[in-house]
Structures are given as structure tokens and as C-alpha cells.
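This report concerns only the one structure given below.
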Amino acid sequence: MGKKSRKIVRVKTDKKREIPFKSRPFEGFVSELALVACRDILPAATIRVKTTPAYGAREVIICSFLPEVAIAFVREDGTPMAAMQIQAHSGDASHDLAIALISAINAADSGKTGAIAVDVTDESPELAEVIDPATPMDIVIEKDFGFWLDPNADQTPEVVQAMEQSSMSLVPTEAVPGVEGAWTAEMNRNFVRWVRPTGEREDLDALARLRAAGELSVGKDSKFVGAFRTCGLLIPVWEIPDASTAADLSTAMIALEKSLAAALKDDTPLSYEEKRARDGIISRQVDIR
Numbered sequence: 002m003g004k005k006s007r008k009i010v011r012v013k014t015d016k017k018r019e020i021p022f023k024s025r026p027f028e029g030f031v032s033e034l035a036l037v038a039c040r041d042i043l044p045a046a047t048i049r050v051k052t053t054p055a056y057g058a059r060e061v062i063i064c065s066f067l068p069e070v071a072i073a074f075v076r077e078d079g080t081p082m083a084a085m086q087i088q089a090h091s092g093d094a095s096h097d098l099a100i101a102l103i104s105a106i107n108a109a110d111s112g113k114t115g116a117i118a119v120d121v122t123d124e125s126p127e128l129a130e131v132i133d134p135a136t137p138m139d140i141v142i143e144k145d146f147g148f149w150l151d152p153n154a155d156q157t158p159e160v161v162q163a164m165e166q167s168s169m170s171l172v173p174t175e176a177v178p179g180v181e182g183a184w185t186a187e188m189n190r191n192f193v194r195w196v197r198p199t200g201e202r203e204d205l206d207a208l209a210r211l212r213a214a215g216e217l218s219v220g221k222d223s224k225f226v227g228a229f230r231t232c233g234l235l236i237p238v239w240e241i242p243d244a245s246t247a248a249d250l251s252t253a254m255i256a257l258e259k260s261l262a263a264a265l266k267d268d269t270p271l272s273y274e275e276k277r278a279r280d281g282i283i284s285r286q287v288d289i290r
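Under this note's numbering, the first residue of the sequence shown carries the number 2, and numbering increases by one thereafter.
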């Protein structure tokens, strides 16, 4: 990048402000579900994307988690990286991602590598200025944290061991084929979590209608256990049999998606049974952040 471009991406760290809360920070991005999932439910995921021309058209990696719980990181090969799952965050997750990306780019341009200190109260442009909201983002579920390392460099045994130790606690996760935003998770019990695209209130009513009708299932022996709320979206969760794979759930979840779409179009007032079902779902809701 030339000097002019580097000036464009410089973060002004001398100005502080209270970052306004944004209830649905990634609204308007075509890959909103991928960003929310990377932030809240996927243990090791990567999204490779280019920044806008105004910010250098740089290849960057957005990921769930980085070494030292860093918000920004520069890999040994100079690749800027930004994490979604961080300890310090403002009221606007899109702001945090934007400043992390810009900080990582600036550090890479300065020849720095490793974890980069970032103050999330610093001012930054809108995320939509850094990444084109219309750009589709392919999310990759990683089996370990090898993406932290330069794939073309030889690593010391100590570095490899540290990466492997960090990877040991990863929850096995798999995308459900044909259902955007749905991932299984193998924990002490097995679950499927579905990041819904519509919005909290609308999806809550639709789920209540299906639950009252006994149609809120993702397959044989599945059990609806509740929902998370995060980033303005709802993430319903089902417990599934231990032997079930993501592929096994595909047909039932595609059918459920069609049923939810029909329920979303129903603008009649909720019945007494549907209101009770809605209250039951609300009582088991949890705010992730």
C-alpha cells in the first residue's frame, strides 16, 4: 500500500467516545448469520474476505478466537486477523470488528506480528465502510487453531504443541446441509443451534405458533430446549440424539424452515395456546451478550 492508502486506514486513537449500543450490529450484511455465528456459537471458524478499496482491498481473516484472546492479530506471513469472541467489547459488535480489522492492517503495514493491543473505545469508521455489506462471506469450520500459523512456514515444536493444546477443548461442530445458519455441536449432549435471519420478535411468534401445534421438531427424538438472543437475532436450540449427524437433520430442518416461513406470514393474533407457548420460550431465553 502507498503512503496515501496507509493514511486512510489509520485509526485516530486520541479521540475517545462512548460507543452507542447497537442491538442488531450486522443488519444489512448479506452474511449477517455467519458473522453472528462466528461471534457467539462457533468455537473455531474463519471468514476470509477483502476489505473495500478505500481500506486497501486487503485480504483479511475474521475468526472466532485468537491467541491471548486478542481482538487483532498479524500472522507471521503478514495476514491481518480480527477476532469476534473477545473479552473487552463495546456496545456495538460491528464497531469492535471494524477497529480490530483496521488495527491489524496498520500493524501489518508496520511490520508487526502477533497479538495487537486494541482499545475498543477508540473511534473507527462503520464496518460497512471497511467491508462491503453485499459481499458474501464463506464461513469455514476449522478442526483446530492451525489457521493462527503461517501455512508456508516451519513451526517450532513448542508452537505446534501450544496450538494443539488450545485445540483440544474445541467442541466438534458441523454445518447442517441446506440450512443456512444451522450448526450441530457435540458437547456432553448433542445439540443443533440455528441462527435465524428474521429478527427476535418475528421469529419468537413463529416458533410459538409451531410449538403450540406440536410441529417444532428437527427430526425423530429431537427436543426443543429454548433459545438464545444475540445481535438482534434469535438462536433456537434443540437437543438431538447422540447418533444424529448434521446430514441426518437436513431434511427435517428444511421442512421446518418452510413451516416457519409460513408462520411468519400469519398476521393473526396469537391464540391462547400460542401465547402460552411463546411465554414458555421466553422463560428459557438467554442473552449471550
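A virtual CB, placed ideally from N, CA and C, is assigned to each residue, including glycine.
Determine the closest residue to residue i out of the options, with distance taken between C-alpha atoms.
i	options	result
Asp120	Ala129, Leu102, Ala135 and Asp133	Leu102
Ala244	Asp151, Leu128 and Ser223	Ser223
Val50	Leu128, Ala94, Pro26 and Leu261	Leu128
Cys39	Ser167, Thr269, Met138 and Asp133	Met138
Val141	Leu43, Thr246 and Gly115	Leu43
Gly29	Pro68, Ser111, Thr52 and Asp133	Asp133
Ile100	Ala83, Ile62, Ala176 and Gly147	Ala83
Ser260	Ile283, Leu217 and Pro158	Leu217
Please list the terminal residues of the continuous beta strand (DSSP E) segment that includes residue i.
i	result
Ile236	Leu234 to Ile241
Lys113	Taken as a continuous stretch (DSSP letters only), Lys113 belongs to no beta strand (DSSP E), as it is neither H nor E.
Glu187	Ala183 to Glu187
Arg60	At residue 60 the sequence reads Glu, which differs from the Arg that was named. Here the beta strand (DSSP E) through Glu60 covers Glu60 to Cys64.
Pro26	No beta strand (DSSP E) holds Pro26; DSSP gives it neither H nor E.
Arg49	Ala46 to Lys51
Pro81	Pro81 to Ala84
Ala176	Thr174 to Ala176
Between residue i and the rest of its own chain, which residues show a CB-CB distance below 7 angstroms, the 5 nearest in sequence each way excluded?
i	result
His90	Asp97 and Val121
Ile117	Ala71, Ala73, Phe74, Val75, Ser104, Ala105 and Ala108
Asp151	Arg76, Glu77 and Asp78
Ser168	Asp145 and Phe146
Around the Cβ of residue i, are there at least 16 other Cβ atoms within 10 angstroms (buried) or fewer (exposed)?
i	result
Val180	buried
Ser24	exposed
Ala248	exposed
Val193	buried
Met254	buried
Pro237	buried
Asp155	exposed
Glu275	buried
Arg197	buried
Thr269	exposed
Could you check how far apart the C-beta atoms of residue i and residue j are, in whole angstroms? I think they sit under 8 angstroms.
i	j	result
Arg190	Glu143	That pair is no contact at about 23 angstroms.
Ala209	Leu271	6 angstroms
Ala207	Leu265	5 angstroms
Cys232	Pro81	Not confirmed; about 23 angstroms, so no contact.
Ala35	Cys64	That belief does not hold up - the Cβ atoms of Ala35 and Cys64 are roughly 12 angstroms apart, past 8 angstroms.
Gly220	Leu250	5 angstroms
Ile48	Asp93	No, Ile48 and Asp93 are not in contact; Cβ-Cβ is about 19 angstroms, not under 8 angstroms.
Leu234	Gly200	7 angstroms
In chain order, what residues of the same chain lie with their CB nearer than 6 angstroms to the CB of residue i, ignoring the 5 residues before and after it?
i	result
Ala278	Ala209, Arg212 and Ala213
Gln88	Val70
Glu33	Phe27
Met85	Cys39, Arg40 and Ser65
Gln286	Ala228 and Arg230
Thr14	Reliability fails at Thr14, whose pLDDT of 47 lies under 50, so the model's placement of it is uncertain and no value is given.
Quick one: give me the first and last residue of the alpha helix (DSSP H) that residue i is part of.
i	result
Gly227	Gly227 -> not in any alpha helix (DSSP H); beta strand (DSSP E) instead, spanning Lys224 to Thr231.
Val37	Glu33 to Asp41
Would you say residue i touches the ligand FAD, meaning its beta carbon is less than 7 angstroms from a heavy atom?
i	result
Val219	This structure lacks the ligand FAD, and indeed carries no ligand of any kind.
Considering only residues of the same chain and omitting the five flanking positions on each side of residue i, which have a CB-CB separation below 8 angstroms?
i	result
Met188	Val172
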